[in-house]
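A short write-up of the structure that comes next.
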Amino acid sequence: MQAGTKAAARDAQPEPDADLRWMRRALELAQTAAELGEVPVGAVVVLDGRAIGEGFNRPISNRDPTAHAEIVALRAAALALDNYRLTGATLYVTVEPCTMCAGALVHARIGRLVFGAPEPRAGAVVTTSQVLDNPGHNHRVDTTGGVLAAESGALLRTFFAARRADQARALKVKSADQARSLEKKSADQAPLAEQRGAVEARDTNLGEATES
Ligand code: ZN
């Protein structure tokens, strides 16, 4: 699926073979995120046929709400180039960028964006909004969507299915624990009831004794 191609940027021309190669690298990075329990998204910034920055989604492990794969890769690339402008570079990312990341592409002057699967809830390039088409921006980003989209989507589906299974298991363990704790409580209360019975019996005996 070609989700959208806009006017080609000056220095960044599409190369289908290179697109597949770099998207496969982005998918490997996404897999690393999944292994760390992060939503699997990976990104690579490429300039002149060379990866200058890589990243995977890691907001939980970094305690950083902005640590999306694209932002991590852009920061690494800017450090590598020693320049906050990444003019002419291409950013590959396995999933359609969100509003924040699409905005960051404009700030970084990325020449071209290549993404994999569309993001139905937060995708801000073609799906829920078109941040890169904002006429107020004085920078255009050439965009190609749908590269290895099936692979990216499968990675996400596997991740969320495993997470749901984990949550269901945790819930089951929790209710089993609760059931055990309830059983324990009633077992603990039994001797108390017996004790209370013993006190009542003693009082009765006492009463009997007083009466006699
Ligand atoms: Zn993002």
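End of the sequence shown = 211 in numbering that gives the first Met the number 0, gap-free, step of one.
Glycine is no exception: its CB is placed at the ideal position from the N, C-alpha and C atoms.
Proximity of residue i and residue j at Cβ, strictly below 9 Å
i: GLU34; j: GLY54; result: no
i: LEU112; j: THR143; result: yes
i: VAL146; j: TYR91; result: yes
i: THR86; j: GLY110; result: yes
i: ALA17; j: VAL44; result: no
i: VAL124; j: PRO96; result: yes
i: ALA116; j: LEU155; result: yes
Rounded C-alpha distance that separates residue i from residue j
i: ARG49; j: ARG20; result: 12 Å
i: VAL130; j: MET99; result: 9 Å
i: GLN30; j: SER185; result: 48 Å
i: ASP47; j: THR89; result: 9 Å
i: HIS136; j: VAL40; result: 26 Å
i: ASP176; j: ALA160; result: 24 Å
i: VAL140; j: SER128; result: 15 Å
i: ALA169; j: GLU118; result: 28 Å
i: LYS173; j: GLY152; result: 31 Å
i: PHE114; j: ALA178; result: 48 Å
i: LYS171; j: HIS138; result: 52 Å
i: ARG23; j: HIS67; result: 18 Å
i: THR4; j: SER180; result: Caution applies to THR4, whose pLDDT of 46 falls short of 50 and renders its modelled position unreliable; the model cannot decide the point.
i: ARG120; j: PRO134; result: 23 Å
i: GLN166; j: ASP81; result: 43 Å
i: ASP63; j: LEU73; result: 15 Å
i: ALA77; j: ALA42; result: 14 Å
i: ALA148; j: LEU28; result: 15 Å
i: ALA164; j: ASP132; result: 39 Å
i: PRO58; j: THR126; result: 23 Å
i: ARG162; j: THR65; result: 22 Å
Residue i, buried or exposed, once every other Cβ within 10 Å from all chains shown has been counted against 16
i: THR157; result: exposed
i: GLY36; result: exposed
i: PRO15; result: exposed
i: THR209; result: Low confidence applies here, because THR209 scores a pLDDT of 37, under 50, leaving its location unreliable; read the following figure in that light. Per the 10 Å Cβ criterion, exposed.
i: ALA101; result: buried
i: THR203; result: For THR203, the predicted model reports a pLDDT of 42, less than 50, meaning its position is unreliable and no value from the coordinates is stated.
Span of the beta strand (DSSP E), counted from its first residue to its last, around residue i
i: LEU46; result: 41-46
i: LEU90; result: 89-94
i: ILE109; result: Taken as a continuous stretch (DSSP letters only), ILE109 belongs to no beta strand (DSSP E), as it is neither H nor E.
i: THR142; result: 141-143
i: ALA121; result: Counting along the chain, ALA121 falls outside any beta strand (DSSP E), and DSSP gives it neither H nor E.
i: GLY52; result: 49-55
Continuous alpha helix (DSSP H) stretch holding residue i: start and end
i: ASP18; result: 15-34
i: GLU69; result: 68-80
i: THR61; result: Note on residue identity: the sequence assigns Asn, not Thr, to residue 61. First-last of the alpha helix (DSSP H) with ASN61: 58-61.
Nearest-angstrom Cβ-Cβ length linking residue i and residue j, presumed shorter than 8 Å
i: ILE51; j: ALA79; result: 5 Å
i: THR26; j: GLU182; result: The sequence as given places Leu at residue 26; Thr does not occur at that position. Not really, about 48 Å apart at Cβ, beyond 8 Å.
i: ASN61; j: VAL38; result: In fact, because the Cβ distance is near 13 Å, the residues do not count as touching under 8 Å.
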